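Data first, discussion second: the structure below is written as structure tokens.
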Amino acid sequence: MLSIFWVTFGLLLLTTVPGRAESGGSIVEISMSSNNITASIVLAPTDSLSPTTSHCAYWRELIKHQGTSPFNPNTTYAVYRNVRDYGAKGDGKTDDSAAINLAISDGGRCGGGNCSSSTITPAVVYFPSGTYLVKHAITPYYMTQLLGDPKAPPTLLADKSFHDMAVIDADPYIINGGGAQWFINQDNFYRTVKNFVIDVRRVPANNSQGTGIHWQVAQGTSLQNIVFNMSEDPDTAHQGIWMENGSGGFMGDLVFNGGKFGMWVGNQQFTVRNVIMNNCKTAVFGVWNLSYVILLIIVYKRSGVELGSKDGRFKGLRSTTVGFDLLTGGTTSATQSVGAEAIIDAVVNDTPYFVRSSNSSTHQLSGSLVLVNAKLSNVSVAVGAINQTKPFLAGTPGVMKIAAWGQGNTYKGSNPNFNFTQGNIDIARVSDCLLDAEGRIVSKGRPQYEDYNLDQIVSAKSYGDGETDDTCAFQSLLDECAANNLIVFLDAGVYILKSTLVIPPNTRLTGEAWSVISATGLFFADQENPQVAVRVGEKGSEGIVEITDIVFSTKGPAPGAILVEWNIRDPAGAPASAGMWDSHFRVGGAAGTNMDVKECPAGTVNPKACTATFLSLHITNFATAYLEVGDHLMLFGPLLTQVLSAVNVSLTIFCGWVWIADHGLEYEDQNKQLELYAGRGVLSESQGPVWMIGTAEHHVIYQYRLVNAKDHYLGLVQTETPYHQPIPAVPFPFTLNEAYGDPTFTKNLSSAWALSVERSQGIFVFGAGFYSFFTNYTQNCSTSEGVCQTQIVDIDDESDIQLLSVSTVGAQFLVSVNKKGVARQQDSRNGFADTITAWNPAWSCST
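Numbered by mature numbering (1 follows the signal peptide of the UniProt record, and there is no 0), the letters in the sequence shown go through residues -21 to -1, 1 to 826 in order.
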């Protein structure tokens, strides 16, 4: 991920009070081979199995721990570690800082400022229930999952003497380092913090170091099921989350009590859902972004959301509240402020301001804003600006609903001329099948199985050593577990497939520290005869499938591999029953992939050794899927989702990461660019419903492709064009394949599409960042007013699609119709990026 200066941030807040299911349970391992399996965690009652009733310890604490890191030269390296085994007491009296950090760092792991990334030292650091007093920061190393007991979440209690940056610091600043940190923020991948109470109330109220989490991270990261307790004193300087930069992932199911800021955030892209703010001076303070998406937010009196001043000061809102306070007006890269804000399904009660900008944006783009389906009660100003007494949209002491309101440049069809709008906008009607009973975008939480017994968990590990073919053993176990309603636990490891693995209906598959399923061999070698590595259901199948904490990959070149083909369809009346959460696609760059700096350095054209995969994800006919392929979180309520699918496929990707490596992840290869060739990103042919939220990067032909698709919601999707293009140009080294609906390219089009849509209906894009940073590894083209590729988004005139809050970088045209550029870069400057507030096809009906 390139270092740039913006955020694509999706935020979802709910008012549901957090609570655990009353039924307890423990999970016991049933050994069917030499290793075991890990499950995901969910506090909300979303599990598809009926929980058993008991009050035993969480199964992760009880299970036999035999996950491995097969490419770590230390054969005794332990993936799982319990902080109690390292001396932590959890008694609320003993300083447990050193013991916890020893549990994190043990085994020569990557961190401490002398290692920026590595995939050979993953770790799950488990905290049994208790109160862990800390006088110093907890510092998770690269590829660390901090996991509390979800049945009785442990408390991390900051001592009154605490003076570090945050209780959990995911990217510490190096002392006397001149601003240097342990990790490169935009490459700070693979972190998870789940199931904790973080209490900083003993820290003096006026001390800003009373911060819960410093979370400067990138893709593959998540915060889940966390309560932040902060001082409610009038002069409180406490904050729950502080995040000044990065290129992130997901956070959700969070509760913030007290504090000056619930969340102080700046990041390239993030998805956040299901957050409660109680008596925070400012709920969310956003310092900068290019594209920011907020879904299902509820704001109450005494708790506001401020996206404002660069110095982070409160700006006189101590005795009042504000929904969203936006720092706007920065229209160059050097003055970047809030570039694009998109809010859907908001409920705001007893709050003076819903949205407030620091500067008025009149007559020209100076910060884009889109509001859809917002419900306000006793809100004085719906939309206004600090420097303007008259609101852009007045509020009401009663109740009002905002159907669709926008600020910025709007386009229609193939007309290159735009209108600057600051008022109600016409948008296409969202298909009913994408909405819940309340008229909001459908969402579903991640299953975590914390209430199930060990006799419901079966290890799926045959070898997982990165060498042995596990296909047959894996298949047998999946079939048996599906038939007997058992959960498949995939211990940490790398599981090799040399032929197709079929995941049958009624499968629940969960990994540990991102267990890897890797395709390799001659079966996947022919791009003219592509073969599926992981087939989720046969075509026409129906049932429940849940996949969590898995990475899909390849070992060596696999030009004919389709990594995942999704066929399964939800049972009638049970939407989003088939899905994937916190699972990623990672091709190349990691240990054991045989496609790293040694084999595929940037600037070398070596398709024989470096053609990685044919297609990453294909959603086919008659399937439904709910995919959260990235950083996800589950606590109090449903998640916002995105769908990639084929006919009758619904697929949700929540901060999903479909990544073709652009650089090596092992420490010695960090910052060394790669030249890999992966043909296609995400192909959806579904008739819907489909919900899609996520990232697809560096595929040669396209990142997202919708063909003959219907009823899709894409909300916060982000892409990057391959860094080597246009030399060699698209589609090298692939040939376009009509059977897989490949788009065509005219002579003047030589780089991949970020989004390509043909013959598709009912497509709703709500927030996107489509970025092109390089031409043949040279970045000059993406500087202010630069052009790296001429066109980046293409829609044919047979499609019915709505674009809202779409930002691009490095593209001459922000959107094209039938491969003819429409929206010009120079008309929609918005800081580092360029932004379309709304685009409707002229041939489509709108509401």
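The beta carbon of each residue, even a glycine, is placed where N, CA and C say it ideally should be.
None of these values were measured; they are calculated from a predicted model.
Span of the beta strand (DSSP E), counted from its first residue to its last, around residue i
i: Lys380; result: Gln367 to Lys391
i: Val455; result: It should be noted that the sequence gives Ser, not Val, for residue 455. Here Ser455 belongs to no beta strand (DSSP E); instead the alpha helix (DSSP H) covers Thr450 to Ala462.
i: Glu491; result: Thr486 to Ala498
i: Leu41; result: Here Leu41 belongs to no beta strand (DSSP E); instead the alpha helix (DSSP H) covers Trp38 to Leu41.
i: Ala588; result: Careful: Ala588 lies outside any beta strand (DSSP E), inside the alpha helix (DSSP H) at Pro586 to Cys589.
i: Ser336; result: Tyr332 to Ser336
i: Phe468; result: Ile466 to Leu469
i: Leu233; result: Phe229 to Asn236
i: Gly443; result: No beta strand (DSSP E) holds Gly443; DSSP gives it neither H nor E.
i: Glu737; result: Trp732 to Glu737
i: Val251; result: Gln248 to Asn257
Selected residue, minimal CA-CA separation from residue i, among the options
i: Asn819; options: Val511, Ala407, Gln195 and Arg808; result: Ala407
i: Cys760; options: Val334, Asp773, Gly789 and Lys139; result: Gly789
i: Thr54; options: Asn61, Arg60 and Gly46; result: Gly46
i: Thr190; options: Asp143, Asn224, Pro213 and Gln198; result: Asp143
i: Ile192; options: Asp212, Gly374 and Arg170; result: Arg170
i: Asn185; options: Tyr65, Leu488, Ser393 and Phe141; result: Phe141
i: Thr450; options: Ser410, Arg181 and Val511; result: Val511
i: Ala640; options: Asp415, Gly109 and Thr533; result: Thr533
i: Tyr656; options: Gln768, Val481 and Arg565; result: Arg565
i: Ala145; options: Asp779, Trp243, Cys259 and Ile541; result: Trp243
i: Lys43; options: Leu469, Gly227 and Phe713; result: Leu469
i: Asn257; options: Leu233, Trp38 and Val251; result: Leu233
i: Glu544; options: Thr368, Ser595 and Gln367; result: Ser595
i: Phe743; options: Phe711, Leu685, Thr754 and Tyr756; result: Leu685
i: Arg548; options: Ser520, Val179, Asn388 and Lys726; result: Ser520
i: Tyr428; options: Asp329, Tyr681, Gly445 and Val467; result: Val467
i: Asp70; options: Asn463, Gly109, Tyr431 and Gly472; result: Gly109
Where residue i sits in the DSSP three-state scheme
i: Tyr120; result: coil
i: Ala78; result: helix
i: Asn819; result: strand
i: Lys354; result: strand
i: Thr698; result: strand
i: Ser33; result: Its pLDDT being 43, under 50, Ser33 is placed unreliably by the model, and the measurement read from it follows with that caveat. Three-state result, Ser33: coil.
i: Trp161; result: coil
i: Phe207; result: strand
i: Glu717; result: helix
i: Arg60; result: strand
i: residue 898; result: Residue 898 lies beyond the residue range present for the chain, which begins at -21 and ends at 826; the question has no answer from this structure.
i: residue 889; result: What the structure shows of the chain is the stretch from -21 to 826, and residue 889 is not part of that stretch, so it cannot be assessed.
i: residue 831; result: Residue 831 lies beyond the residue range present for the chain, which begins at -21 and ends at 826; the question has no answer from this structure.
i: Ser2; result: Residue confidence for Ser2 is low, a pLDDT of 28 falling below 50, so the modelled location carries little weight; the figure read from the coordinates is stated next. Coil.
i: Glu320; result: strand
i: Pro617; result: Here Pro617 scores only 28 on pLDDT, less than 50, and its place in the model should not be relied on; the value that follows carries that caveat. In this structure, Pro617 counts as coil in the three-state DSSP scheme.
i: His655; result: Just to set this straight, residue 655 is Leu in the shown sequence, not His. Coil.
i: Leu644; result: coil
i: Phe303; result: strand
i: Glu740; result: In the sequence as presented, Glu is not what sits at residue 740; that position holds Gln. Strand at Gln740.
i: Gln770; result: strand
i: Leu433; result: helix
i: Asp690; result: strand
Residue range of the alpha helix (DSSP H) that includes residue i
i: Glu525; result: Counting along the chain, Glu525 falls outside any alpha helix (DSSP H), though it belongs to the beta strand (DSSP E) covering Val524 to Thr533.
i: Gln804; result: Unbroken run through Gln804: none, as it is neither H nor E.
i: Ala675; result: Where Ala675 is concerned, there is no enclosing alpha helix (DSSP H), although the beta strand (DSSP E) it sits in stretches over Val669 to Glu676.
Whole-angstrom C-beta distance between residue j and residue i, which should lie under 8 Å
i: Thr134; j: Val104; result: Thr134 to Val104, Cβ: 16 Å. No contact.
i: Pro705; j: Ser729; result: 4 Å
i: Ala747; j: Ser786; result: 7 Å
i: Leu783; j: Val349; result: 5 Å
i: Phe593; j: Gly539; result: 5 Å
i: Trp636; j: His703; result: Trp636 to His703, Cβ: 20 Å. No contact.
i: Pro484; j: Ile523; result: 7 Å
i: Val378; j: Pro331; result: Not confirmed; about 16 Å, so no contact.
Bridge partner(s) assigned by DSSP for residue i
i: Phe564; result: Phe531 and Val637
i: Thr110; result: Asp70 and Thr134
i: Arg180; result: The partner list for Arg180 (beta bridge, DSSP) is empty, contrary to what the question assumes.
i: Trp221; result: His193 and Trp243
i: Asn759; result: BP columns for Asn759 are empty, so no partner.
i: Gln510; result: Ala540
i: Gly748; result: Gln697 and Ser786
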